[in-house]
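What follows is a set of notes on a single structure, which appears directly below.
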Amino acid sequence: MNGRVMLIRAGKISFAEKVANAARMNASAVLIYADPSDYNIKEDTELYGHVHMGSGDPYTPGFPSFNHTQFPPAESSGLPKILAQTITLSVAKKILNQLGGPKRPERWEGYSKLGDETDIIAMEVNNVLTEKKIHNVFGVIKGFVDPDRYVVIGAQRDAWGPGYAASTVGTSVLVELARAISDMVKKGGFKPRRSIVFASWSAGEYGSIGATEWLEGYLSSLSMKAFSYINLDGIVTGLNGFKVAASPLMHTLIENTLKEVKIRDSSLYKQFAKDNFESNILEPMRMDSSAYPFLAFSGIPSMSFRFSPDNLNYKHFGTMEDTITNLNAATSSQVPLLAETAGRFAGLIALRLVHDHLLQMDVMKYYKVVRSYVYKINGRVKDVLRMQPQLLPKSLTVQWLISAMGSYSRAAQSLQNDIQNSDLEDIEMCRFINDRIMAVERNFLSQYVSPRQSPFRHILVGSGPHTLKALTKHLDALKTNNPEANAELFLNEFALATWTIQGCANSLAGDIWSLDNEI
105 MNGRVMLIRA
115 GKISFAEKVA
125 NAARMNASAV
135 LIYADPSDYN
145 IKEDTELYGH
155 VHMGSGDPYT
165 PGFPSFNHTQ
175 FPPAESSGLP
185 KILAQTITLS
195 VAKKILNQLG
205 GPKRPERWEG
215 YSKLGDETDI
225 IAMEVNNVLT
235 EKKIHNVFGV
245 IKGFVDPDRY
255 VVIGAQRDAW
265 GPGYAASTVG
275 TSVLVELARA
285 ISDMVKKGGF
295 KPRRSIVFAS
305 WSAGEYGSIG
315 ATEWLEGYLS
325 SLSMKAFSYI
335 NLDGIVTGLN
345 GFKVAASPLM
355 HTLIENTLKE
365 VKIRDSSLYK
375 QFAKDNFESN
385 ILEPMRMDSS
395 AYPFLAFSGI
405 PSMSFRFSPD
415 NLNYKHFGTM
425 EDTITNLNAA
435 TSSQVPLLAE
445 TAGRFAGLIA
455 LRLVHDHLLQ
465 MDVMKYYKVV
475 RSYVYKINGR
485 VKDVLRMQPQ
495 LLPKSLTVQW
505 LISAMGSYSR
515 AAQSLQNDIQ
525 NSDLEDIEMC
535 RFINDRIMAV
545 ERNFLSQYVS
555 PRQSPFRHIL
565 VGSGPHTLKA
575 LTKHLDALKT
585 NNPEANAELF
595 LNEFALATWT
605 IQGCANSLAG
615 DIWSLDNEI
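In terms of this note's numbering, the sequence shown opens at residue 105 and continues consecutively.
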């Protein structure tokens with residue numbers, strides 16, 4: 105693809121990921137359009153979006169763009185180095201119909217050829233970069249026992265275009281939740297142990313800027329005191345599905361809450377999970393979700409959820425067609441019912457988190473995630489040593505990684521034993537245990553990478569060469585002796601990831617004098 109202009113269909117993954125993939129293939133530019141087989145929109149409909157492979161202000165990576173912040177000129181490593189622009193379907197058709205080159209695969213529709221070096225296209229991007237001041241808005245209900253510990257519930261307030269599904273529904277639910285819980289405290293005698301922060305984010309469409317800058321500005325405080333984030337963006341996009349992307353720590357709480365919340369005389373769990381919670385409900389968290397920087401940048405357990413259409417994607421996001429009319433069409437005019445149910449689901453999770461003596465988070469869930477990656481890495485290391493023995497030291501072993509995994513499992517089980525043997529009416533004891541639980545997510549952030557170069561430092565759900573997912577891909581490249589593979593880099597990242605897991609286990613285990621430090 106050297107020097108080529110790539111014409112790419114929108115959908116499946118974000119614009120930023122598409123452009124990043126094209127850049128890795130040495131393309132010179134990218135044009136993105138909405139294909140009629142994926143989008144049922146008019147031919148002259150403009151697509152809105154961004155191509156920053158990250159979140160927050162791309163010119164202050166890793167630190168806040170507050171007025172008083174004296175920062176040197178910088179640029180996010182996630183900004184593309186190639187041109188990128190969305191185009192309408194009508195413009196895309198004109199280009200496609202003029203292409204030469206080989207014939208298209210039979211399963212591809214709408215045009216006949218794929219293009220080759222004889223096709224010349226001139227591309228010029230005239231977007232104007234401007235600076236805008238943004239304003240986040242907050243409301244707080246203070247806790248009565250641990251006011252310095254809080255759950256954050258947030259929704260983006262603005263949108264490119266009407267943004268009915270993108271922001272209007274979520275903001276409405278956010279305001280209603282604030283009113284309802286406030287009334288419970290003022291009139292119903294409810295006394296939450298911990299605080300609730302209601303956040304209305306600005307500049308959500310361009311990589312969750314409002315949320316990310318807040319995290320960057322108050323990271324040292326938030327990472328210690330905020331124990332969960334619930335995202336309300338895009339919570340109603342369809343009728344026949346229900347999807348959740350969340351930290352594994354929250355999976356058990358989410359599953360139990362689905363069994364309690366009803367819609368149309370049946371629980372959400374019965375209607376949508378159908379006795380297979382993990383496969384029918386859970387999905388990976390997308391980088392363009394405002395929950396992602398909370399989780400992968402700040403190490404705060406987070407969740408996003410949505411009522412979804414059958415095909416899982418709402419076709420009007422990022423267009424002028426994200427209107428109440430189209431959302432009603434996608435939901436059989438049941439937006440009020442779905443929004444109310446979404447509010448009850450989010451509200452019940454928040455109330456459990458701020459009311460119960462112990463945080464309802466299951467630390468054993470991360471053991472399953474770590475174990476899955478360890479098995480993958482173990483198998484791939486053996487493959488590389490067998491197929492490309494010259495690339496890795498013969499002495500390389502995954503035993504220390506397996507030991508770190510075992511340390512985490514024992515620490516998680518030890519925590520469960522401590523909970524069973526503790527007086528849960530003792531406020532100080534509960535706070536001590538809760539602090540151990542809160543540290544788990546934060547300790548999966550790699551301490552060995554720069555927030556500026558790799559802001560999403562979480563080794564399990566983050567992005568970058570330090571993640572366990574990247575290690576498996578690196579081993580795949582080594583297995584085929586790919587020239588881009590770097591054995592020395594792999595060995596370094598492998599060692600650092602191993603110690604990150606061991607460090608998380610040490611923190612979870614509790615007192616330092618009871619740790620086994622043989623590793």
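We put the beta carbon where it would ideally sit given N, CA and C, even for glycine.
Separation of residue j from residue i, as counted between CA atoms
i    : j    : result
M110 : K577 : 24 Å
E622 : Q606 : Bear in mind that a pLDDT of 48 at E622, under 50, signals an unreliable position, so the number given afterwards is only what the model happens to contain. Roughly 11 Å between the two C-alpha positions.
G452 : K363 : Reading the sequence as shown, one finds Leu at residue 452 and not Gly. Straight-line Cα distance between these residues: approximately 11 Å.
N106 : A127 : 10 Å
F409 : H459 : 22 Å
K469 : S132 : 43 Å
I224 : R108 : 9 Å
A284 : Q524 : 34 Å
V232 : P162 : 15 Å
Y477 : T316 : 28 Å
I112 : D337 : 26 Å
E425 : I145 : 8 Å
I541 : A307 : 32 Å
T361 : S324 : 31 Å
M420 : E444 : A quick correction: the sequence has His, not Met, at residue 420. Their Cα atoms are separated by approximately 22 Å.
P168 : K236 : 15 Å
E138 : N201 : Going by the sequence as given, residue 138 is Ala instead of Glu. Approximately 16 Å, taken between the alpha carbons.
V289 : E280 : 14 Å
F598 : G566 : 15 Å
D522 : A446 : 35 Å
F411 : N596 : 42 Å
Integer-rounded CB distance, given that residue j should sit under 8 Å from residue i
i    : j    : result
L187 : M157 : The pair is not a contact, with the Cβ atoms about 15 Å apart (cut-off 8 Å).
R561 : S118 : Not a contact, Cβ separation roughly 20 Å.
R297 : D252 : R297 to D252, Cβ: 11 Å. No contact.
L441 : I367 : 7 Å
P266 : G342 : No, P266 and G342 are not in contact; Cβ-Cβ is about 18 Å, not under 8 Å.
G153 : T192 : Incorrect: roughly 14 Å between the Cβ atoms, too far for contact.
S518 : A613 : 6 Å
S402 : L319 : 5 Å
K217 : K207 : 6 Å
L600 : A591 : That belief does not hold up - the Cβ atoms of L600 and A591 are roughly 15 Å apart, past 8 Å.
K116 : I136 : Contact flag wrong, Cβ pair sits at about 12 Å.
P559 : P165 : 6 Å
E545 : I404 : 6 Å
P397 : S159 : 5 Å
V255 : L457 : 5 Å
Y418 : A263 : Actually they are not in contact, since the Cβ atoms of Y418 and A263 sit about 13 Å apart, beyond 8 Å.
G502 : I481 : According to the sequence provided, residue 502 is Val. The question's Gly does not apply to it. At roughly 6 Å, the Cβ-Cβ gap stays under 8 Å, so V502 and I481 are in contact.
L278 : S304 : 7 Å
T604 : S550 : 5 Å
Per DSSP, cross-strand counterpart(s) of residue i
i    : result
I136 : I112 and T190
R561 : For R561, which the question treats as bridged, DSSP gives no partner whatsoever.
I410 : As written in the sequence, residue 410 is Arg, which differs from the Ile given in the question. Answer is K347, bridged to R410.
L386 : V348
I300 : I245 and V255
L305 : The sequence given here has Trp at residue 305, not Leu. According to DSSP, which records beta bridges pairwise, W305 is partnered with Q260.
K197 : According to DSSP, which records beta bridges pairwise, K197 is partnered with nothing at all.
A330 : Y254
L549 : H562
V340 : F411
I117 : G115
Closest residue to residue i among the options (Cα-Cα distance)
i    : options                   : result
A350 : N380, F376 and I385       : I385
L183 : G311, T234 and D287       : G311
I334 : H355, M328 and G345       : H355
R484 : K573, V155 and S169       : K573
F346 : V467, Q520 and L372       : L372
F548 : L528, Y512 and H461       : Y512
S406 : N417, M465, R448 and M424 : M465
N240 : R490, V255 and Q260       : Q260
G510 : V474, V488 and L500       : V474
L326 : I313, V301, D337 and V348 : V301
E532 : E235, H461, T427 and A114 : H461
P497 : N538, S436 and F594       : F594
S554 : H570, S286 and I238       : H570
K295 : A282, T275 and K246       : K246
S276 : Y552, V439, Q551 and M491 : V439
E382 : N596, I428, V348 and D392 : V348
P388 : P140, S141, F170 and L564 : L564
8 Å Cβ cutoff, residue i in contact with chain D
i    : result
K347 : Chain labels in this structure do not include chain D; a single protein chain is all it has.
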